[in-house]
Every structure is written in structure tokens, then in C-alpha cells.
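Quick notes on the structure that follows.
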Ligand SMILES: [Zn+2]
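Residue numbers (the working numbering): 62 to 509.
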């Protein structure tokens, strides 16, 4: 039984709200027991009892979890304490826990819509350096709160608004030392991320048989949901631009008639890097194209740095900037609040087989990168070194030639203005589709 199931059980649909709230606290206590057994759980459990004692006061709260929206979120900090508060239009069950490496507080909520200020505009305050929110999975919303160091959840309190049916979830945090934090979090091994981290391995179980005459192209719009990717000057998110280009690219390649085309995501939802790899493996991709866009933090350089770059996989980065970009893109799972475990695909037993496959795949990846950079240069602005390489996790695919395209810099005002237009997105998709056509025509012609 995963801990999620443990938390699910007390919340029967017909249950009286006051009872649900009381049990919410018991559940938070239970979660806290797993997360931080020495400090939080007694407080949360006591709070649960306190709620049960006051059940007459909370009976009017809405019990409907349907159509709940999050309307505002804020950080409240003074010299001694930091709190995070989120306003919800109705009553829901929340799970709150902490993670290390880096230190974060995760708030899991049922599927709800966010009608708040765009992510990335909130200022750091107190123990909180940043926070973001969005869909984490099909029916799960998540808020990830980055903290400046290890923190203890002193209290997670759900209160009713003075008027209407809204509620506010307020989480009080205080600093703690890393040793005590480690003692509390190390025990939790049954987190949902264990299944999430099942990475693609070299066995062929469950794979679609390959049809050489009809290649499968997997298009991978980066980021999504809780992970916005880079955020431009006007709060344009990378995840939005790459999804639009991905959809245009799917139509453009489908119009060529000779390919099966699949998207790793077709909505604003988070997909972990390992799920993307698994998807490509299961569908026996003949080519994998990951779409991204970058932004640089230094404003005074933003005007000068622009253009598209095509990346392929290499353990050693081609240059310092390529390494920096790979680090940023590889952080997607961390941003979404996934725990990191050693991937089973890194297993030594598989490594020889993978190495043999890799050499051939790497040659194909480099060939496609060359064709793609050439086609893109005919249509859009390119960076100064448009073909580079670095250790991108999403490109670690022994079977499928794969590239990652940084389509441009949304920190550059000119790039950003263009990249949000349908004209630019279609033109870019057309250029990538032309590269796909040209690459496979040559590959089929070269076949003995
Ligand atoms: Zn990206």
C-alpha cells in the first residue's frame, strides 16, 4: 500500500465536512509521521482532535471538490516565521510534505484549476525562494515551494474565508538543521515518484514492432503543467510555445503521409523525463525530437543572445553554455517535485548492449542534427553555434536517434515576439518536417 492510499481512505464522499476536516488532520499527522516523525506529527494529530472537538463550527463548509479553483497564493514572512497561503474556491484534501536535494515543500491537491497571477512573478521572501504551480498528473495539481534550506512544517491549516465558500490553506514553516531534516525524510520510500522513475531499459517487452517503411516520429514538447520551463520577459512560458510548435509539427509531418507521429504530451500537463524516454522506447521511435526554448537571466545580455540551436547527446558538453543548458533542462523533474533515484537503465548489466546500440544511434543523431540545422537556417534565426552537444537526460536513448532543439530565446524581445505568433510556429514546424523528410529519404536510399 502506497502512502497515497493511506491518505485516501478516510475521505468518503458522503462524509460530514467537519469529520472530513478532522480526518484530514489525522491524515496530515500520518503524512507528517512519515515525513518528519519527531516534530510535526504530534502537532498535526492534536490539531485533528481539536477540529473534531469543534465540529459544530465547520459544518457549513462546502464539501464539493468539483470545479475548485485556486485564486491566489502568497508568501507571508517576518523576521521569525514564513508562511505560504493559497486561497481555494472550495474544500479539498491536501497533502503537504517536504523533500531534500534541493529543499522543497510539496503541496498535492486534487485536480483544480489555477486562476492566479502567472508563475514566475512572485518574489522570494523569508524561507521561501520561489514557488510554482500547475497540473502534475491527469488528476493531480501540485504546488512546489522552493526553500532556502531545510524547513519544518510547523502547521498546515485549512480555514474558511469570512464570506462565501472559499477556504485558505496556510502552511507555516520554520528552519531546521539538515541532520534532523534528513532523519525525517529518509524513511519515506513509497512516494509516487518510484513508479515515475521507471526508466526505459534495453529489453523489448511491450514494444511496438518496428516498421522500417513507415518510421515513427516522437515529438516531445518540453516541460508542462507544474514545470513552465523558461519564462520570458512578458511571462511567456516555454511550455506554451513548445506545445504549439509540437502540434504544428505533428500536422506538418502527418501531411507528408509516410510517417506515424506521436506527441509525448498534447496538453498542459507535466511529464517526467523518464516517462518521455519510456514513451519513445515503447513506441519504437525511429526519431525523437525534443522541443525547447531558452531564456537567460542577465537582462543586459538578453538583447544580444538569440537564435535556435540543435543539441545531440554527449557525455562531455561541446562548450560551457551547452553544459549549462543541459543542467537547466535536466532539472525539470526536480522543478516538478519528483524525488531522484538511481535509474534502473543505468544498471551495469545493460551497459555493454546499450553502448553497441548507442554508437550507431549517435551517428544517426548527428546526421539528423546536421540536416535539421541546415533546414532551420533557411527559415529562422540561428544561434552563433547552431550544432552543439551535452548530456541531456531526455536524449539518452540507445534505440532512437534523438535531438533537442532550443528554438530561440524568449528572453530576447525580438525572438519572443516572433515565437508567440502562429506564422513563426508554422514556419518552424515546416522546416523541421522538411528535415525529417530529407533525413529519411537519404536513410532509405543508403540502405543496402
Ligand atoms: Zn526546456
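Built from N, CA and C at the ideal position, the CB exists for glycine as well.
Keep in mind the model is a prediction, meaning the values are calculated, not measured.
Where residue i falls, given that 16 or more other Cβ within 10 Å makes a residue buried
i	result
residue 358	exposed
residue 378	buried
residue 439	exposed
residue 128	exposed
residue 311	buried
residue 347	buried
residue 214	buried
residue 505	exposed
residue 454	buried
residue 275	exposed
residue 163	exposed
residue 420	exposed
residue 328	exposed
residue 482	exposed
residue 96	A caution first: residue 96 carries a pLDDT of 38, below 50, which makes its placement in the model unreliable, though a value can still be read off. Residue 96 is buried by the Cβ-count criterion.
residue 381	exposed
residue 497	buried
residue 484	exposed
residue 184	exposed
Near ligand 3: residue i beta-carbon under 7 Å from a heavy atom
i	result
residue 241	You won't find ligand 3 in this model; what it holds is ligand 1.
Separation of residue j from residue i, as counted between CA atoms
i	j	result
residue 362	residue 225	48 Å
residue 188	residue 324	38 Å
residue 435	residue 479	20 Å
residue 351	residue 501	18 Å
residue 388	residue 331	18 Å
residue 320	residue 172	35 Å
residue 317	residue 349	17 Å
residue 135	residue 322	42 Å
residue 443	residue 302	17 Å
residue 238	residue 156	23 Å
residue 174	residue 194	10 Å
residue 85	residue 216	At residue 85, the pLDDT of 41 sits below 50, so the modelled position is not reliable and the matter cannot be decided from this model.
residue 475	residue 277	34 Å
residue 449	residue 432	14 Å
residue 111	residue 161	Annotation note: pLDDT 28 at residue 111 (below 50); position unreliable, no value reported.
Ligand 1 heavy atom lying under 7 Å from the CB of residue i
i	result
residue 390	yes
residue 353	yes
residue 290	yes
residue 284	yes
residue 359	no
residue 483	no
residue 299	yes
Cβ neighbours of residue i in the same chain (closer than 8 Å, five flanking residues each side left out)
i	result
residue 445	368
Other residues of its chain near residue i: CB distance less than 7 Å, five sequence neighbours each side excluded
i	result
residue 426	373, 374, 462, 463 and 464
residue 26	In the structure as shown, the chain begins at 62 and stops at 509. Residue 26 is therefore absent and cannot be evaluated.
residue 294	472, 474 and 477
Neighbourhood of residue i by C-beta distance below 6 Å, restricted to the same chain and skipping five residues each side
i	result
residue 503	none
residue 176	130 and 132
residue 186	136 and 138
residue 430	371, 373, 448 and 464
residue 218	231
residue 149	129, 131 and 228
residue 495	436
Any C-beta of chain C under 8 Å from that of residue i
i	result
residue 324	No chain C appears in this structure, which consists of one protein chain only.
Quick check: the stretch 304 to 311 against the stretch 489 to 502, are there 3 or more CB pairs under 8 Å?
Pairwise C-beta distances place the stretch 304 to 311 in contact with the stretch 489 to 502, as three or more of them are shorter than 8 Å.
For the stretch 156 to 174 and the stretch 200 to 212, state whether three or more C-beta atom pairs, one from each stretch, are separated by less than 8 Å.
The stretch 156 to 174 vs the stretch 200 to 212: in contact.
Sufficient close CB pairs (3 or more, under 8 Å) joining the stretch 133 to 144 to the stretch 217 to 233:
They touch, by the three-pair rule.
Using 8 Å as the threshold, is the stretch 279 to 292 in touch with the stretch 382 to 396, meaning 3 or more CB pairs across them?
They touch, by the three-pair rule.
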